[in-house]
Amino acid sequence: MKDKVQNIIRSYKDDKTRLMDILIDIQEAYNCIPDEAIETIAGQLNMSKVDVDQTLSFYHFFTNKPTGKYTVYLNDSLVAMMKGRDEVARAFEEEAGVKFGSVTEDGLIGLFNTADIGMNDQEPAALINGVPFTNLTSSKVKELVGGFKSGKDVEAMLGPVGDGMNADQRISSMVSNNCHKNSGAVLCLEYETGSALKRAVSITRESVIETVKSSNLRGRGGA
């Protein structure tokens, strides 16, 4: 393991600012980030083990325990519940033979809950090995788990691709943009893409700040 982890780190030129990329690659290789790997990372990047652990523990999708060859994170947001999430969850458990929060004995399938993954308009949705699967149904789940058991690549189990760049061969994502432009009041007015940015660069910084203040718009956390 140590040699493989060291090679991954070297591929990023021992750059500690690429820690996230290093962790992602290691997790893809081992389905988790083992303690031995953490020690190797810390030593090779000249970081404390605590610093590596902090990054690992901060992000929900990083784990130091095996989560299965096929790791399913099913969204459990309120909208997902309203769109039939419970039925989909039951189907996963029945087909995989394991409850959410655990991994099958053979290490093949792991089922886990996760918070909002940004697919509220396409629920129920899940991330399977990091790939989004949208508009899930119990019948689709049966097909997916069958694919897991036969060893199919996750990408080979995707349904029809979405619109826009999602349909590009380099992306090939099921996600639909669901962008609608309708005439109407305020947010639904017709607009020219980039017009606000063009206006912003044509006036002074002070004018931009004053315009934002006079609009009475308020920030909402990180949204």
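Start counting the sequence shown at 35; every next residue gets the next number (this note's numbering). From the three backbone atoms N, C-alpha and C, an ideal C-beta is built for every residue, glycine too.
Given that a residue counts as buried once 16 or more other Cβ atoms are within 10 Å of its Cβ, and exposed if not, what is residue 36?
The residue you call residue 36 lines up with position 2 of the sequence shown. Under a 10 Å Cβ-count criterion, residue 36 is classified as exposed, with fewer than 16 other Cβ atoms of the shown protein chains found around its own Cβ.
May I ask you to list the residues that DSSP assigns as paired with residue 146?
Position 112 of the sequence shown, counted from the start, is the residue given in the question as residue 146. Under DSSP, residue 146 forms a beta bridge with 107.
Residue 162 - DSSP class collapsed to helix/strand/coil:
Taking the sequence shown and counting its residues from 1, one reaches residue 162 at position 128. It is a strand residue.
On a Cα-Cα basis, can you pick out the residue from 190, 108, 204 that is closest to residue 170?
Start at 1 with the first residue of the sequence shown, and residue 170 comes out as number 136. If we check each option's Cα against that of residue 170, 108 comes out closest.
Residue 60 and residue 39 look like a contact to me (Cβ under 8 Å); what is the Cβ gap, rounded to whole Å?
Your numbering for residue 60 matches position 26 in the sequence shown. Your numbering for residue 39 matches position 5 in the sequence shown. Residue 60 to residue 39, Cβ: 6 Å. Contact.
Report back the beta-carbon spacing between residue 158 and residue 207 to the nearest angstrom; my notes put them in contact at under 8 Å.
Counting from one through the sequence shown, the residue named residue 158 turns up at place 124. Counting from one through the sequence shown, the residue named residue 207 turns up at place 173. Contact between residue 158 and residue 207 does not hold, since their C-beta atoms are separated by about 17 Å, which reaches or exceeds 8 Å.
By how many angstroms is the C-alpha of residue 242 removed from the C-alpha of residue 163?
The sequence position of residue 163 within the sequence shown is 129, counting from 1. The sequence position of residue 242 within the sequence shown is 208, counting from 1. Taking the straight line from one Cα to the other gives about 43 Å.
Beta carbon of residue 141 nearer than 8 Å to that of residue 103
Here residue 141 refers to the residue found at position 107 of the sequence shown. Here residue 103 refers to the residue found at position 69 of the sequence shown. In this structure, residue 141 places its C-beta atom within 8 Å of the C-beta atom of residue 103.
So who's on the other strand from residue 235, going by DSSP bridges?
To locate residue 235, count along the sequence shown from 1; it is residue 201. None, per the DSSP bridge assignment.
In the DSSP output, what is residue 137 paired with across the bridge?
Stepping through the sequence shown from its first residue, residue 137 is reached at position 103. Partner(s): 144.
Beta carbon of residue 130 nearer than 8 Å to that of residue 179:
Position 96 of the sequence shown, counted from the first residue, corresponds to residue 130. Position 145 of the sequence shown, counted from the first residue, corresponds to residue 179. Taking 8 Å as the Cβ cut-off, residue 130 and residue 179 qualify as a contacting pair.
According to DSSP, is residue 96 helix, strand or coil?
Position 62 of the sequence shown holds residue 96. Residue state, collapsed to three classes: coil.
Less than 8 Å separating the beta-carbons of residue 150 and residue 111?
Position 116 of the sequence shown, counting from 1, holds the residue named residue 150. Position 77 of the sequence shown, counting from 1, holds the residue named residue 111. The answer is yes: Cβ separation under 8 Å.
Determine the direct distance from the alpha carbon of residue 240 to that of residue 250, and round the result to whole angstroms.
Translated into positions along the sequence shown, residue 250 becomes position 216. Translated into positions along the sequence shown, residue 240 becomes position 206. Whole-angstrom Cα-Cα distance: 16 Å.
Best match in 237, 155, 70 for proximity to residue 259 [C-alpha to C-alpha]:
With the chain covering only 35 through 257, there is no way to say anything about residue 259.
Give me whichever residues DSSP pairs with residue 167 in a beta bridge.
Residue 167 sits at position 133 when you count from the first residue of the sequence shown. DSSP lists 160 as partners of residue 167.
Alpha carbon to alpha carbon, what distance is there between residue 88 and residue 77?
Looking up residue 77 in the sequence shown gives position 43. Looking up residue 88 in the sequence shown gives position 54. The alpha-carbon separation between residue 77 and residue 88 amounts to approximately 16 Å.
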